[in-house]
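Using my numbering, you'd call the opening residue of the sequence shown number 1265 and step up by one each time. Working notes for the structure below.
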Amino acid sequence: MLKHGDIWRAIDRLALSKGLSASGLAKVAGLDPTTFNKSKRITVEGKLRWPSTESIAKVLEATQTSFAEFVSLVGDGQARGAVQRVPVIGYAQAGDDGYFDDGGYPAGAGWDELLFPSLGDPHAYALEVSGDSMEPVYRDGDTIIVSPAASLRRGDRVVVKTRDGEILAKQLARESANRVELRSINTRHADRVLARNDVLWMSRIIWASQ
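Below, the structure is given as structure tokens:
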């Protein structure tokens, strides 16, 4: 059930991710600077007040934030107002040598970054989707966040790197001691069966921007 505090928390987190106070966020959106003040969240009668849909729409437009991204900030979760910097790697770059270490963590520095509510995995990273191989679930230009620390189960969407340097985004169909079976997200692309020894690492997709 969506609660009053969830939406206000999302606004506060959005402001923090942009390096702003709640008042600063309101100003950027062309709103009265007091729109998101703590005092405006409760009426003089002591009743809970919701932010207007118009004010939220203006904030999202001003910060170029999608509604899906805003929704991801809702909830009490692990973040509680904290954010972490998530490196963003172009999907076309991901297969290049040197971009990941053997554990599946981004290697090097100088990445673009997203400010995101704490994910509980300091090694989480983002990939920018390129091409149509992941449609209709993920489209060209979408951003996915991958967590090397997340546990894997059948049916999870995963990113896999082979020992040949190939990067695959698939659905985990089956995993055994000897092989990994992957189902293509886009049915026009072939499923894959990999020998376990050919898989360098496999990490779960935990969030997408679409």
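For glycine and all other residues, C-beta sits at the position ideal for the given N, C-alpha and C. The model shown is predicted, which means the values in this text are computed figures rather than measured ones.
Segments assigned beta strand (DSSP E), at least 3 residues, entirely inside the stretch 1388-1422: As far as the stretch 1388-1422 is concerned, its whole beta strand (DSSP E) runs of at least 3 residues are 1389-1392 and 1407-1411.
Status (buried if at least 16 other CB within 10 Å, exposed otherwise) for residue 1393: Buried, because 16 or more other Cβ atoms sit within 10 Å of the Cβ of residue 1393.
message: Suppose you measure from the CA of residue 1462 to the CA of residue 1312; what does that come to, to the nearest Å?
response: 56 Å
query: Of all the options 1402, 1407 and 1423, which has the alpha carbon lying nearest to the alpha carbon of residue 1414?
result: 1423
- prompt: residue 1426 bridges to which residues according to DSSP?
  reply: 1463
- prompt: Hey, how far is the Cα of residue 1285 from the Cα of residue 1333?
  reply: 18 Å
Extent of the continuous alpha helix (DSSP H) run through residue 1333: 1331-1336
- prompt: When the Cα of residue 1376 is compared with those of 1386, 1353 and 1387, which residue comes out closest?
  reply: 1353
message: Buried or exposed, going by whether 16 or more other CB atoms sit within 10 Å of the CB of residue 1350?
response: Buried.
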